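Notes follow the structure.
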Amino acid sequence: MTPPSVQQSVELVRGFLKTNAKLDVATANPGNGMTHVQLTQEIDGLRVHGAYVKAAISDSGELIQVIEKLAPVGQSPTKATIAAGDALGAALTELGFTIQTPSQVAASGNFTSFAKGSLFYKDPNVERVAYVDRGGVVRQGYVVETWVGSNNQLDETLVGYDGKVVSTERRTANDSYKVFVEDPGKGGQVVVNGPGSTTESPNGWLNAGSHRSIEITGNNVHAYLDAVSDNAADPGGTTISDGNFLATADFTVQPSTATNRDVAVQNLFYLNNVIHDRLYTVGFNEAAGNFQANNFSRGGRGGDPVNAEAQDGGGLDNANFSTPRDGSSPRMQMYLWSGSGPTAELTVNGTNFAAFQSSFGPALDATGKSGALALVNDGTGTTSDGCETIPAGSLSGMVAVVDRGTCNFTVKVKNAQLAGAVAVVIANNQATEPFGPGGTDATVTIPSAMVSQADGATLKTQLGAASNLHKAPVDPIKFDGDLDSDIVFHEYGHGLTWRMVGSMSGALSGAIGEGASDVNAFMINGDDIIGEYSFDSPLGIRRHPYEGYPLTLKDVTGAEVHDDGEIYAAAMWKVRSNYLAGGLTGQDAYHDFVQGLNFTPAGPSYEEMRDGMLQAVGTDAARQCFVWRGFAAQGIGVGAKSIKRGSKVVITESFALPAQCQ
Numbered sequence: 001m002t003p004p005s006v007q008q009s010v011e012l013v014r015g016f017l018k019t020n021a022k023l024d025v026a027t028a029n030p031g032n033g034m035t036h037v038q039l040t041q042e043i044d045g046l047r048v049h050g051a052y053v054k055a056a057i058s059d060s061g062e063l064i065q066v067i068e069k070l071a072p073v074g075q076s077p078t079k080a081t082i083a084a085g086d087a088l089g090a091a092l093t094e095l096g097f098t099i100q101t102p103s104q105v106a107a108s109g110n111f112t113s114f115a116k117g118s119l120f121y122k123d124p125n126v127e128r129v130a131y132v133d134r135g136g137v138v139r140q141g142y143v144v145e146t147w148v149g150s151n152n153q154l155d156e157t158l159v160g161y162d163g164k165v166v167s168t169e170r171r172t173a174n175d176s177y178k179v180f181v182e183d184p185g186k187g188g189q190v191v192v193n194g195p196g197s198t199t200e201s202p203n204g205w206l207n208a209g210s211h212r213s214i215e216i217t218g219n220n221v222h223a224y225l226d227a228v229s230d231n232a233a234d235p236g237g238t239t240i241s242d243g244n245f246l247a248t249a250d251f252t253v254q255p256s257t258a259t260n261r262d263v264a265v266q267n268l269f270y271l272n273n274v275i276h277d278r279l280y281t282v283g284f285n286e287a288a289g290n291f292q293a294n295n296f297s298r299g300g301r302g303g304d305p306v307n308a309e310a311q312d313g314g315g316l317d318n319a320n321f322s323t324p325r326d327g328s329s330p331r332m333q334m335y336l337w338s339g340s341g342p343t344a345e346l347t348v349n350g351t352n353f354a355a356f357q358s359s360f361g362p363a364l365d366a367t368g369k370s371g372a373l374a375l376v377n378d379g380t381g382t383t384s385d386g387c388e389t390i391p392a393g394s395l396s397g398m399v400a401v402v403d404r405g406t407c408n409f410t411v412k413v414k415n416a417q418l419a420g421a422v423a424v425v426i427a428n429n430q431a432t433e434p435f436g437p438g439g440t441d442a443t444v445t446i447p448s449a450m451v452s453q454a455d456g457a458t459l460k461t462q463l464g465a466a467s468n469l470h471k472a473p474v475d476p477i478k479f480d481g482d483l484d485s486d487i488v489f490h491e492y493g494h495g496l497t498w499r500m501v502g503s504m505s506g507a508l509s510g511a512i513g514e515g516a517s518d519v520n521a522f523m524i525n526g527d528d529i530i531g532e533y534s535f536d537s538p539l540g541i542r543r544h545p546y547e548g549y550p551l552t553l554k555d556v557t558g559a560e561v562h563d564d565g566e567i568y569a570a571a572m573w574k575v576r577s578n579y580l581a582g583g584l585t586g587q588d589a590y591h592d593f594v595q596g597l598n599f600t601p602a603g604p605s606y607e608e609m610r611d612g613m614l615q616a617v618g619t620d621a622a623r624q625c626f627v628w629r630g631f632a633a634q635g636i637g638v639g640a641k642s643i644k645r646g647s648k649v650v651i652t653e654s655f656a657l658p659a660q661c662q
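Residue numbers for the sequence shown follow this note's numbering, beginning at 1 and rising by one.
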């Protein structure tokens, strides 16, 4: 795209953009030595929301690729007719909050912050920005960041110049598993030394000075116990002044014992550092937006180590990861898990039905919630799935029964809540063991739980009967997600794709984000089954193992991001297998996967993720075909398309290979 040059990388890209003001995607085949540059756009001192440039430059100074999404040049943004407080109010309404707009606490430049109160993790922040409306006009608007404390729900809402919400992006990723621990089934605890000073962690993992056994701080991660769920390190623990965190797990007692809490924090600190360093070796470094307090003058913005919350008391049977922009710390919440026993119970006509409480909504107590049993009827399609609006008042004071399937659990429960239900019982739609439904929605205010498919069928014969959903009378020994590397690596993978790609939300890109997080886990662990020990099943928590995975691109529905994400992960498992069969290593595959994110546009489709990796491997014919064959096997071959149109996805499947790979 340009001849060799001695210009600095950023200036080379800027010069190219000045003479090529509007282009879609310009690409060429890169060589091995690459520099990647990411730029944002400003107009009249305002950051242009959603605008970016990603460029690749060879080691001889040639501009190899430019991906850009830029606002038209030469326009001054149309002035906004609302103030920052109005924008915050509009965002809160859009997200379903019923609180009054908080009071302003600070203003500086384009940023205004408002009091967080007891609801938010951080002060809601409103940034005055420029944006391009659907007609191509550049206008002033506001990006509103709200971050709920209790369930880690991080939303970024674009409010237009006139006070209308343009778009909302949820930057929290959640995963629902019935998980036990980080594979004590694959080996007991071993003593591992920290690495000292390395390229990945120049100051080592651990900050100097004393630490507490339940709060450990380093340059890459701040890990701490948050059992009281106030998003801060709990008090207590013992002082560790020699850097040796050697607590031994005892699985015969609850994780809430003092020693097991020490184990949780030291294990979470270790796993976060492991994945930080492994990702660093394959390209997720400071310039790419990784997570570090000190960036050692190597690019990017510092001040953003992961805040990793062990045994977070805000939920069960779940984990999540919220990723703000570079320079602001992400937050990983790791919960306790129910184990092999039910956590809730539904009593109907003197009969008790075992249930597993959802990770969202208020926790059940021994008193529980009572009401007549009622089957949801949303009037559309499968009327008992609760995926569409339920008539207002039709469930007033009732315990609603809703079938699993078609949409997210939070949607079902929120629809029943709006129809007046006091609690929700979700009937499994498969003859498998029920589990604690997961998700994130801070506006869900009623409890819910899942029962088995068989019990759901029985309950449907007892509609109208008095019922009570309450906490299980016997609390089984819970298990600790902080010890499960599959979960930790998966969650960290959300931070990887949000920082290196961006806009990993919605039906397609959100699914790809879930799949890419599974990829992050199996690239490290080399196991095609995710969470098999934790889920107490040889098949793991996904619908199928990734080896021999039977579903293809045509099975993407846009209804559930974890299910749809499996398609991308399955393709990448085949790519990895192709690398190994071709004499390469898993590290080679991991490197090319991460490097491919540099060549992938924000909010990607399945085929754009494939093409990004193809760009990363460059002219290496063997690797090109390893990638093509892996993706084509899942229907993401030549000519495949995945497009989101409104609330639906449109899929064109193809198993075709390019001529050179046939």
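Beta carbons: idealized from backbone N, C-alpha and C, even for Gly.
Source: prediction; values computed, not measured.
Counting the other CB atoms within 10 Å of its CB gives Gly327 a total below 16, which places it among the exposed residues. The C-alpha of Glu345 is placed about 13 Å away from the C-alpha of Ala427. As computed with DSSP, His470 is found in a beta bridge with Glu345.
Secondary structure note for Val411: its alpha helix (DSSP H) is the uninterrupted segment Phe409 to Leu418. Looking at the DSSP output, Gly371 shares a beta bridge with Ser467. Closest in alpha carbon position to Gly135, among Arg128, Ala71 and Gly194, is Ala71. Inter-segment contact for the segment 454 to 463 and the segment 436 to 443 is absent: fewer than three beta-carbon pairs are separated by less than 8 Å.
Beta bridge pairing from DSSP links His211 with Ile240. Across the set Thr458, Val399 and Phe120, the C-alpha of Thr458 shows the shortest separation from the C-alpha of Thr351. Val561 sits in a helix when the DSSP states are folded into three classes.
Under DSSP, Thr443 forms no beta bridge with any residue.
Ala233 is positioned such that its CB atom lies closer than 8 Å to that of Glu215. For Arg14, the uninterrupted alpha helix (DSSP H) run begins and ends at Ser9 to Thr19, by DSSP. As for any alpha helix (DSSP H) of minimum length 4 sitting wholly inside the segment 265 to 305, there is none. For Asn193, the number of other beta carbons within 10 angstroms of its own is below 16, and it is reported as exposed. Between Asp563 and Ala507, the alpha-carbon positions lie close to 11 Å from each other. Taking Gly341 as the centre and dropping the five residues before and after it, the same chain places the C-beta of Pro476 closer than 6 Å to its C-beta, in chain order.
Measuring C-alpha to C-alpha distances from Thr98 to each of Leu119, Ala640 and Gly515 identifies Leu119 as the nearest.
Between Leu63 and Ala55, the beta carbon gap of about 6 Å places them in contact (Cβ cut-off 8 Å). Taking a contact to require three or more Cβ pairs closer than 8 Å, the segment 630 to 640 and the segment 569 to 585 qualify as touching.
Val253 counts as exposed, since fewer than 16 other C-beta atoms from the protein chains shown sit within 10 angstroms of its C-beta.
When the beta-carbon positions are compared, Gln333 and Asn152 come within less than 8 Å of each other. Glu514 sits in a helix when the DSSP states are folded into three classes. Bounds of any alpha helix (DSSP H) do not take in Ala55; it lies within the beta strand (DSSP E) bounded by Tyr52 to Ser58. Taking a contact to require three or more Cβ pairs closer than 8 Å, the segment 353 to 360 and the segment 384 to 392 do not qualify as touching.
Closest option to Ser448, judged by alpha-carbon separation, among Gly393, Gly237, Gly315 and Val165: Gly315.
Non-local beta-carbon contacts of His36 in its own chain, meaning distances under 6 Å to residues more than five positions away in sequence, involve Ala56 and Asn598 in chain order.
CA-CA distance, Ile541 to Asp44, rounds to 50 Å. For Leu154, the uninterrupted beta strand (DSSP E) run begins and ends at Leu154 to Val159, by DSSP. By the CB criterion at 8 Å, Ser322 and Thr198 fall outside the cutoff.
Met500 sits in a helix when the DSSP states are folded into three classes. Contact fails between the segment 417 to 434 and the segment 295 to 308, because fewer than three Cβ pairs, one in each stretch, are under 8 Å apart. Listed as beta-bridge partners of Val650 by DSSP are Ile643.
The C-beta of Ala208 has fewer than 16 other C-beta atoms within 10 Å across all chains shown, which makes the residue exposed.
A Cβ-Cβ separation of about 6 Å places Pro434 in contact with Val451 under the 8 Å criterion.
Along the segment 571 to 636, the alpha helix (DSSP H) occurs as fully enclosed runs of 4 or more residues at 586 to 597, 606 to 617 and 621 to 632, listed in sequence order.
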